[in-house]
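Visitor: Residue numbers (numbering that gives the first Met the number 0): 0 to 418.
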Amino acid sequence: MTVTLVPPSHRTRTAPPAGLDVLGVPGEINLDYAATAPCARAAADAVAELLPWYASVHRGAGALSRRCTLAYERARQTVGDFFGARADDHVVFTRNTTDALNLLARALPAGTTVVTFAGEHHANLLPWPRGSVRLPVPGSPGEAVRALDAALGELRRDASPGVPVLVAVTGASNVTGERWPVAELTRVARRHHARIAVDAAQLAPHAPVDLLALDVDYLAVSGHKLYAPFGAGVLIGRGDWLDAAPPYLAGGGATSHVGAATHDVRWATGPARHEAGTPNLLGAVALAAVCAALDGADRAALHDREQELLARLRDGIAALPHVVELHTFGPDAPRVGIVSFVVAGRDSSTVAAELAREHGIGVRDGLFCAHPLARRLLTEAANRSGRRDLPPTALRASIGLGSTAEHVDTLLAALATLG
Ligand SMILES: Cc1ncc(COP(=O)(O)O)c(C=O)c1O
0 MTVTLVPPSH RTRTAPPAGL DVLGVPGEIN LDYAATAPCA RAAADAVAEL
50 LPWYASVHRG AGALSRRCTL AYERARQTVG DFFGARADDH VVFTRNTTDA
100 LNLLARALPA GTTVVTFAGE HHANLLPWPR GSVRLPVPGS PGEAVRALDA
150 ALGELRRDAS PGVPVLVAVT GASNVTGERW PVAELTRVAR RHHARIAVDA
200 AQLAPHAPVD LLALDVDYLA VSGHKLYAPF GAGVLIGRGD WLDAAPPYLA
250 GGGATSHVGA ATHDVRWATG PARHEAGTPN LLGAVALAAV CAALDGADRA
300 ALHDREQELL ARLRDGIAAL PHVVELHTFG PDAPRVGIVS FVVAGRDSST
350 VAAELAREHG IGVRDGLFCA HPLARRLLTE AANRSGRRDL PPTALRASIG
400 LGSTAEHVDT LLAALATLG
């Protein structure tokens with residue numbers, strides 16, 4: 000099996016924008032950005048700059064503490080601005096997207112019905128209360144919009160007026176990279192007086208996401224998928240439900256008054272209500288540094304470059320008869336730099352291990368914490384390809400700022416040897 004490689008003259012990588020080069024280890028090809036992206040220089044520099052000042056946040060009067068508190072609140076402002084937060088939105092730092100969506104689930108007014116699709120990551124399937132509605136995986140973006148419209152219409156007919164409804168959808172699939180029609184789904188939600196939360200864990204690293212422009216109510220993001228280190232994420236959105244809900248964690252920093260009696264406590268309003276305990280200053284500052292660097296970059300150029308690499312990867316996979324790509328909306332749907340596939344007749348975890356051992360390539364294998372979707376797509380891939388020897392789990396390659404044509408070609412050449 001041969002793979003057509005682009006001539007070397009086309010392989011030169013233009014210098015990454017300031018601060019957006021990523022750290023890594025020479026010889027290790029990371030094609031697993033969708034799980035955790037490498038750390039951007041901007042994030043590493045911001046952490047290194049702040050480390051000598053390392054001190055308490057919101058808890059000290061010393062110069063170090065004041066600087067740390069300022070850095071933390073500036074990070075909140077930067078992250079909020081980057082994601083188009085409205086003036087009265089809360090920007091709550093969390094540990095990651097899972098944490099952000101669980102926080103939102105706990106803040107729902109009693110009786111809220113949540114509507115999701117079965118194509119979601121577990122983080123956007125499992126936190127929602129009993130009685131939530133899970134719509135089947137749609138075959139196209141249009142079908143998603145129509146299904147939501149019908150479901151919300153039915154809910155509104157059957158439910159008593161004023162019962163809150165929240166639609167929770169992903170911006171881009173962590174399995175296929177396909178983009179979901181967030182703007183259209185938001186218009187449908189608005190028409191039915193429902194709120195909408197967008198899981199932007201996979202979309203935000205690849206495309207601008209703006210709450211105000213999209214008119215969505217809530218946004219959840221993970222720092223570690225957005226070129227910042229582990230441990231910081233964010234939930235941004237409407238303050239009313241968040242301020243009315245019990246605190247996500249009870250403890251120091253989340254109160255405005257605690258009396259002597261056991262239950263004599265007034266909880267703070269604003270982000271502090273849900274950020275009890277000492278916060279992750281370095282995580283927030285690192286995430287803000289990446290947001291600032293991306294804000295100053297030519298996002299359209301970054302997008303074009305990524306799409307070129309993605310096309311190279313998908314075209315290369317399509318040319319391998321023993322490799323079958325998974326997709327929900329079809330091969331031509333807009334997508335971010337994520338591709339899932341199977342190698343016919345080969346166990347996916349064995350292939351992933353072989354890619355690592357023999358080619359220095361890191362990819363993900365499994366069902367990607369989206370079991371209902373991944374199982375469905377594996378069945379669909381078997382039907383479409385007519386092959387009866389597809390494995391029960393898949394492989395996923397995902398790219399981003401540090402990816403190059405050489406990385407993609409090395410993977411394609413390695414996959415070619417498996418035929
Ligand atoms: C679409 C999507 N949502 C949510 C998550 C959960 O992110 P985290 O593990 O950072 O909480 C992921 C992680 O892969 C994801 O891909």
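Ideal Cβ placement from N, Cα and C applies to all residues, glycine included.
For the segment 169-188 against the segment 45-63, do three or more pairs of beta-carbon atoms, one drawn from each stretch, fall closer than 8 Å, so that the two count as touching?
Guide: No, the segment 169-188 is not in contact with the segment 45-63.
Visitor: Which full runs of the beta strand (DSSP E) of 3+ residues lie inside the segment 197-225, going along the chain?
Guide: Whole beta strand (DSSP E) segments, 3+ residues: 217-221.
Visitor: Is the segment 363-373 touching the segment 393-402 in the sense that three or more CB pairs, one from each, lie closer than 8 Å?
Guide: These segments touch.
Visitor: Verify the contact flag: G336, CB atom, against every heavy atom of ligand 1, threshold strictly below 7 Å.
Guide: By 1-based counting over the sequence shown, the position of residue 336 is 337. Result no, Cβ not under 7 Å from ligand 1.
Visitor: Is any heavy atom in ligand 1 found nearer than 7 Å to the beta carbon of A203?
Guide: Taking the sequence shown and counting its residues from 1, the one referred to as residue 203 is at position 204. No, Cβ of A203 sits at least 7 Å from all heavy atoms of ligand 1.
Visitor: With H, G and I counted as helix, E and B as strand and the rest as coil, what does DSSP make of N29?
Guide: Looking up residue 29 in the sequence shown gives position 30. The answer is strand: DSSP assigns N29 an E or B state.
Visitor: Would the C-beta of A122 count as close to ligand 1, meaning under 7 Å from any of its heavy atoms?
Guide: Locating residue 122 in the sequence shown gives position 123, counting from the first residue. Yes - ligand 1 has a heavy atom lying nearer than 7 Å to the Cβ of A122.
Visitor: Could you tell me if A380 is buried or exposed, where buried requires 16 or more neighbouring beta carbons within 10 angstroms of its beta carbon?
Guide: Along the sequence shown, read from residue 1 onward, the residue named residue 380 stands at position 381. By the 10 Å Cβ count, A380 comes out buried.
Visitor: Using DSSP with H/G/I as helix, E/B as strand and the rest coil, what is A393?
Guide: As a first step, residue 393 is located in the sequence shown; it is residue number 394 there, counting from the start. A393: strand per DSSP, three-state reduction.
Visitor: Check whether the segment 199-208 and the segment 218-226 are in contact - that is, three or more C-beta pairs closer than 8 Å.
Guide: The segment 199-208 is in contact with the segment 218-226.
Visitor: Mark E153 as exposed unless 16 or more other C-beta atoms lie within 10 angstroms of its C-beta, in which case mark it buried.
Guide: Here residue 153 is taken as the residue at index 154 of the sequence shown, counted from 1. Classification for E153: exposed.
Visitor: Cα-Cα, which of A74, R94, A196, H89 is closest to W127?
Guide: Along the sequence shown, read from residue 1 onward, the residue named residue 127 stands at position 128. If we check each option's Cα against that of W127, A196 comes out closest.
Visitor: Might you give, ordered along the chain, the residues of its own chain that have their beta carbon closer than 6 Å to the beta carbon of V257, omitting 5 neighbours on each side?
Guide: Here residue 257 refers to the residue found at position 258 of the sequence shown. Same-chain partners within the cutoff: V264.
Visitor: Provide the residue span of the beta strand (DSSP E) that contains I235, from first to last.
Guide: Taking the sequence shown and counting its residues from 1, one reaches residue 235 at position 236. I235 -> beta strand (DSSP E) spans 232-237.
Visitor: How about C368: is its Cβ closer than 7 Å to a heavy atom in ligand 1?
Guide: Locating residue 368 in the sequence shown gives position 369, counting from the first residue. Checking every heavy atom of ligand 1 against the Cβ of C368, one is found closer than 7 Å.
Visitor: What did DSSP end up calling L417 once you bin it into helix, strand or coil?
Guide: As a first step, residue 417 must be located in the sequence shown, where it is residue number 418. Of the three classes helix, strand and coil, the one that applies to L417 here is coil, per DSSP.
Visitor: What is the DSSP secondary structure of D98, reduced to helix, strand or coil?
Guide: Position 99 of the sequence shown, counting from 1, holds the residue named residue 98. Helix.
Visitor: Kindly examine ligand 1 and report whether one of its heavy atoms sits closer than 7 Å to the Cβ of H223.
Guide: Within the sequence shown, residue 223 is the residue found at index 224, counting from 1. Flag set: Cβ of H223 near ligand 1.
Visitor: Is A396 near ligand 1, in the sense that its beta carbon is under 7 Å from a heavy atom of that ligand?
Guide: Counted from its first residue, the sequence shown places residue 396 at position 397. No, the beta carbon of A396 sits no closer than 7 Å to any heavy atom of ligand 1.
Visitor: For I316, name the three-state secondary structure that DSSP assigns.
Guide: Here residue 316 is taken as the residue at index 317 of the sequence shown, counted from 1. Looking at I316 - three-state DSSP - the assignment turns out to be helix.
Visitor: For the putative contact between L234 and G276, defined by C-beta atoms under 8 Å, what is the C-beta separation to the nearest angstrom?
Guide: As a working mapping, residue 234 is identified with position 235 in the sequence shown. As a working mapping, residue 276 is identified with position 277 in the sequence shown. 16 Å between Cβ atoms; not a contact.
Visitor: Should H192 and C368 be called a contact, given that it needs their Cβ atoms to be closer than 8 Å?
Guide: Along the sequence shown, one-based indexing puts residue 192 at 193. Along the sequence shown, one-based indexing puts residue 368 at 369. No, the pair does not count as a contact, with Cβ atoms beyond the cut-off.
Visitor: Would H89 be called buried (16 or more neighbouring beta carbons within 10 Å of its own) or exposed?
Guide: Translated into positions along the sequence shown, residue 89 becomes position 90. Per the 10 Å Cβ criterion, buried.
Visitor: Does DSSP put V341 in a helix, in a strand, or in coil?
Guide: Here residue 341 refers to the residue found at position 342 of the sequence shown. Looking at V341 - three-state DSSP - the assignment turns out to be strand.
Visitor: At what residues does the beta strand (DSSP E) containing G365 begin and finish?
Guide: By 1-based counting over the sequence shown, the position of residue 365 is 366. That run of the beta strand (DSSP E) goes 363-365.
Visitor: For a quick check, are the C-beta atoms of L19 and A296 less than 8 Å apart?
Guide: Taking the sequence shown and counting its residues from 1, one reaches residue 19 at position 20. Taking the sequence shown and counting its residues from 1, one reaches residue 296 at position 297. Yes; because the gap between Cβ atoms is below 8 Å, this pair is in contact.
Visitor: Using only the heavy atoms of ligand 1, determine whether one of them is closer than 7 Å to the beta carbon of G232.
Guide: The residue you call residue 232 lines up with position 233 of the sequence shown. True, at least one ligand heavy atom lies under 7 Å from that Cβ.
Visitor: Which residues bound the beta strand (DSSP E) around L255?
Guide: Here the question's residue 255 lines up with position 256 in the sequence shown. Before going further, note that residue 255 is Ser rather than Leu in the sequence given. S255 -> beta strand (DSSP E) spans 254-257.
Visitor: Which ranges would you report for the beta strand (DSSP E) in the segment 102-130 if only whole runs of at least 3 residues count?
Guide: Complete beta strand (DSSP E) runs here, min 3: 112-116.
Visitor: So G236 packs on D87, CB below 8 Å; how close in whole Å?
Guide: Your numbering for residue 236 matches position 237 in the sequence shown. Your numbering for residue 87 matches position 88 in the sequence shown. Not a contact, Cβ separation roughly 10 Å.
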